[in-house]
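Working notes for the structure below.
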Amino acid sequence: MGYFLIEPASIDLLNDISINGDYSMKKGDIMQIKHMIILIIILFLMYCIIHNQKRPYIMHNHILSAIGNTPLVRLPFNTPAAIYAKLEYLNPGGSIKDRSALYMIEHAEKSGDLQPGGTIIDASSGNYGISLAMIGAAKGYKVIITTSEKISQEKLQTMRAYGAEVIVCPIAASDDYNSYISLAKRLQVSTPNSFFPNQYFNPVNAQAHHDLTGAEIWEQTNGTITHFFAAAGTGGTVAGVGRYLKDKNPNIKIIALDSNNSLYSTCGNPKPYKVEGMGIDFYSDIINYDNNDIIEEIIPVSDEDAFAMLKNLARNYGFLVGLTSGAIAWGAHHYLPKLKDGDVAVMIFGDSGRAYLTKGVY
Ligand code: PMP
Numbered sequence: 168m169g170y171f172l173i174e175p176a177s178i179d180l181l182n183d184i185s186i187n188g189d190y191s192m193k194k195g196d197i198m199q200i201k202h203m204i205i206l207i208i209i210l211f212l213m214y215c216i217i218h219n220q221k222r223p224y225i226m227h228n229h230i231l232s233a234i235g236n237t238p239l240v241r242l243p244f245n246t247p248a249a250i251y252a253k254l255e256y257l258n259p260g261g262s263i264k265d266r267s268a269l270y271m272i273e274h275a276e277k278s279g280d281l282q283p284g285g286t287i288i289d290a291s292s293g294n295y296g297i298s299l300a301m302i303g304a305a306k307g308y309k310v311i312i313t314t315s316e317k318i319s320q321e322k323l324q325t326m327r328a329y330g331a332e333v334i335v336c337p338i339a340a341s342d343d344y345n346s347y348i349s350l351a352k353r354l355q356v357s358t359p360n361s362f363f364p365n366q367y368f369n370p371v372n373a374q375a376h377h378d379l380t381g382a383e384i385w386e387q388t389n390g391t392i393t394h395f396f397a398a399a400g401t402g403g404t405v406a407g408v409g410r411y412l413k414d415k416n417p418n419i420k421i422i423a424l425d426s427n428n429s430l431y432s433t434c435g436n437p438k439p440y441k442v443e444g445m446g447i448d449f450y451s452d453i454i455n456y457d458n459n460d461i462i463e464e465i466i467p468v469s470d471e472d473a474f475a476m477l478k479n480l481a482r483n484y485g486f487l488v489g490l491t492s493g494a495i496a497w498g499a500h501h502y503l504p505k506l507k508d509g510d511v512a513v514m515i516f517g518d519s520g521r522a523y524l525t526k527g528v529y
């Protein structure tokens, strides 16, 4: 039969029990079994909680809570190291800028800088404007974005589809009166109840990438990451993720990608370039590129190299990614000889190639 024939009174009195009459068991053994069962139940409950938290099939109650938790996908580059791309184009607004835009808006709501019914105004090369437009639509704010003529039609139309007002300015140096950055500042002054997140100078931009992107990458790689590659636009990603990773492990190498024609890479003699969203063309407190303890190397990338890599990524690897991703992948590829077996590199694929199809680069 196989039943336990347990009589509590006999346990207390005799300090043992009989099982089918064949075996006897000490009271101490019973206690051990009880503890084991309790331990197994606790472990099972902990597994359920952790497993549930990490489940990819999460249900969200709001579009903005779907921002983040993007996957890392390995790229089969010819190297003994493991190279992963973080697919930031899977954010609901289609780019990495969803993270910093949401952080800056929620910070301003808490501080009172952004009031209900207010207008959000900022300058953007496109993706950040799309994120603000989406957030404005979801939270009930009016959004005005100034941008430059370089912007792709897809990004322009996307902002408008979310209901944002978009003003396209001529390509000009950031401190020029006609630049999209100067116009955004003037608009903010003349628009009542408006908020200017000022992504190029707002430290909350980098804080978002510290708290969200950096922490996520550290966890996803179980702390094994050795190299991080990101494009420098406002510098928020490289500064925020870089700071987080360096604090976790100072040996991690942070590599920034810049346009070879930017203010920084030309040592003050910038020329036009086509990659949107990348390029160190101004100096701000977000990061001092000349003097910091975060960035190991800044690699300048030409439009031609970035675009050739884009085609390669789409046709040979199945990644249809945006212009900065081409530049980053080219930079990472260029860096391959320095990587060794056991290294784990992560690069940011910040947006999708679908935002640039009319540019004719694929
Ligand atoms: N990649 C893409 C696709 C972007 O839109 C941007 C920002 N314009 C960047 C990279 C650069 O990020 P950050 O502004 O944080 O330096």
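Per this note's numbering, the very first residue in the sequence shown carries number 168; after that it's consecutive.
Note that beta-carbon positions come from the ideal geometry of N, C-alpha and C, so glycine has one too.
>> Less than 9 Å between the C-beta atoms of Tyr-502 and Thr-388, yes or no?
In response: As a working mapping, residue 502 is identified with position 335 in the sequence shown. As a working mapping, residue 388 is identified with position 221 in the sequence shown. No, these two residues do not count as a Cβ contact at 9 Å.
> Gly-403 and Asn-372 look like a contact to me (Cβ under 8 Å); what is the Cβ gap, rounded to whole Å?
Replying inline: Numbered from its first residue, the sequence shown carries residue 403 at position 236. Numbered from its first residue, the sequence shown carries residue 372 at position 205. Going by Cβ atoms, the distance from Gly-403 to Asn-372 rounds to 4 Å, so yes, they are a contact pair.
> According to DSSP, is Glu-464 helix, strand or coil?
Replying inline: Locating residue 464 in the sequence shown gives position 297, counting from the first residue. Secondary structure at Glu-464: strand, using DSSP grouped into helix, strand and coil.
> Thinking just about the alpha-carbon of each residue, which of Asn-459, Ile-311, Pro-243 is nearest to the one in Ala-328?
Replying inline: Counted from its first residue, the sequence shown places residue 328 at position 161. Looking at Asn-459, Ile-311, Pro-243, the one whose alpha-carbon comes closest to that of Ala-328 is Ile-311.
>> DSSP three-state label for Glu-332, please.
In response: Locating residue 332 in the sequence shown gives position 165, where the first residue counts as 1. Strand at Glu-332.
> Should Ala-473 be counted as a contact of the ligand PMP given a C-beta to heavy atom distance under 8 Å?
Replying inline: Here residue 473 corresponds to residue number 306 of the sequence shown, with the count starting at 1. Every heavy atom of the ligand PMP is 8 Å or more from the Cβ of Ala-473, so no.
> Is Asp-510 helix, strand or coil by DSSP?
Replying inline: Here residue 510 is taken as the residue at index 343 of the sequence shown, counted from 1. DSSP, reduced to helix, strand and coil, places Asp-510 outside both helices and strands of the structure shown, so it counts as coil.
> Going by beta carbon distance, what residues of the same chain come within less than 6 Å of Trp-385, once the five residues before and after it are set aside?
Replying inline: For this step, residue 385 is matched to residue 218 along the sequence shown. Around Trp-385: Lys-415.
> With respect to 8 Å, is the separation between the Cβ of His-376 and the closest non-hydrogen atom of the ligand PMP below this value?
Replying inline: Locating residue 376 in the sequence shown gives position 209, where the first residue counts as 1. Yes, since a heavy atom of the ligand PMP falls inside the 8 Å radius drawn around the Cβ of His-376.
> Looking only at DSSP bridge pairs, what is Leu-424 linked to?
Replying inline: In the sequence shown, counting from the first residue as 1, residue 424 sits at position 257. Within the DSSP bridge table, the entry for Leu-424 names Ala-398, Ile-466 as partners.
>> Can you tell me whether Ala-340 is buried or exposed? The criterion is at least 16 other CB atoms within 10 Å of its CB, across all chains shown.
In response: Taking the sequence shown and counting its residues from 1, the one referred to as residue 340 is at position 173. By the neighbour-count rule (16 or more Cβ atoms within 10 Å), Ala-340 is not buried but exposed.
> Alpha carbon to alpha carbon, how far is Ile-286 from Tyr-295?
Replying inline: Position 119 of the sequence shown, counted from the first residue, corresponds to residue 286. Position 128 of the sequence shown, counted from the first residue, corresponds to residue 295. The identity of residue 286 in the sequence shown is Thr, whereas the question assumes Ile. Rounded to whole angstroms, Thr-286 to Tyr-295 spans 16 Å at the Cα level.
>> Mapping the DSSP letters down to three states, classify Ala-538 as helix, strand or coil.
In response: Outside the displayed span of the chain (168 to 529) sits residue 538, for which this structure offers no information.
> In the structure shown, what three-state DSSP assignment does Phe-362 receive?
Replying inline: Residue mapping note: residue 362 aligns to position 195 of the sequence shown, counting from 1. Three-state result, Phe-362: strand.
> With 16 other CB atoms within 10 Å as the buried threshold, where does Ala-512 fall?
Replying inline: Indexing the sequence shown from 1 puts residue 512 at position 345. So Ala-512 ends up on the buried side.
> For Ser-232, does the three-state DSSP call read helix, strand or coil?
Replying inline: Residue numbering aside, residue 232 sits at position 65 when the sequence shown is read from its first letter. The answer is helix: DSSP assigns Ser-232 an H, G or I state.
> How about the stretch 298-313 and the stretch 220-239: do they share at least three Cβ pairs that are nearer than 8 Å?
Replying inline: Output reads yes: the stretch 220-239 touches the stretch 298-313.
> Can the beta-carbon of Ala-398 be found less than 9 Å from the beta-carbon of Met-445?
Replying inline: Along the sequence shown, read from residue 1 onward, the residue named residue 398 stands at position 231. Along the sequence shown, read from residue 1 onward, the residue named residue 445 stands at position 278. In this structure, Ala-398 lies near Met-445, with their beta-carbon atoms less than 9 Å apart.
>> Between His-274, Gln-199, Ala-473, Pro-238, which has its C-alpha nearest Pro-370's C-alpha?
In response: Residue numbering aside, residue 370 sits at position 203 when the sequence shown is read from its first letter. Checked all of His-274, Gln-199, Ala-473, Pro-238; the closest Cα to Pro-370 is His-274.
> How many angstroms separate the CA atom of Tyr-484 from the CA atom of His-500?
Replying inline: Along the sequence shown, read from residue 1 onward, the residue named residue 484 stands at position 317. Along the sequence shown, read from residue 1 onward, the residue named residue 500 stands at position 333. Rounded to the nearest angstrom, the two C-alpha atoms are 14 Å apart.
>> Check whether the stretch 235-246 and the stretch 329-337 are in contact - that is, three or more C-beta pairs closer than 8 Å.
In response: Verdict: no, contact absent.
>> Using the three-state DSSP reduction, which class does Asp-457 fall into: helix, strand or coil?
In response: Stepping through the sequence shown from its first residue, residue 457 is reached at position 290. Asp-457: coil per DSSP, three-state reduction.
> So which of Ile-338, Asn-459, Ile-421, Leu-210 has the shortest CA-CA distance to Lys-438?
Replying inline: Counting from 1 along the sequence shown, the entry for residue 438 is found at position 271. Nearest of Ile-338, Asn-459, Ile-421, Leu-210 to Lys-438, Cα basis: Ile-338.
> Which residue from Gly-509, Ser-492, Ile-208, Gln-324 puts its Cα closest to that of His-394?
Replying inline: Here residue 394 corresponds to residue number 227 of the sequence shown, with the count starting at 1. The candidate whose alpha carbon is nearest that of His-394 is Gly-509.
> Leu-299 lies in the alpha helix (DSSP H); which residues open and close that run?
Replying inline: Locating residue 299 in the sequence shown gives position 132, counting from the first residue. Where Leu-299 is concerned, the enclosing alpha helix (DSSP H) stretches over 294-306.
> Buried or exposed: Gly-188, going by 16 or more other Cβ atoms within 10 Å of its Cβ?
Replying inline: As a first step, residue 188 is located in the sequence shown; it is residue number 21 there, counting from the start. Reliability of the predicted coordinates at Gly-188 is poor, the pLDDT of 47 falling under 50, and the value obtained from them is presented with this limitation in mind. Exposed.
> In terms of alpha-carbon separation, which member of Ala-522, Ser-426, Val-408, Gln-355 lies closest to Asn-419?
Replying inline: Taking the first residue of the sequence shown as 1, we reach residue 419 at position 252. Going by the sequence as given, residue 419 is Ile instead of Asn. Of the candidates Ala-522, Ser-426, Val-408, Gln-355, Val-408 places its Cα closest to the Cα of Ile-419.
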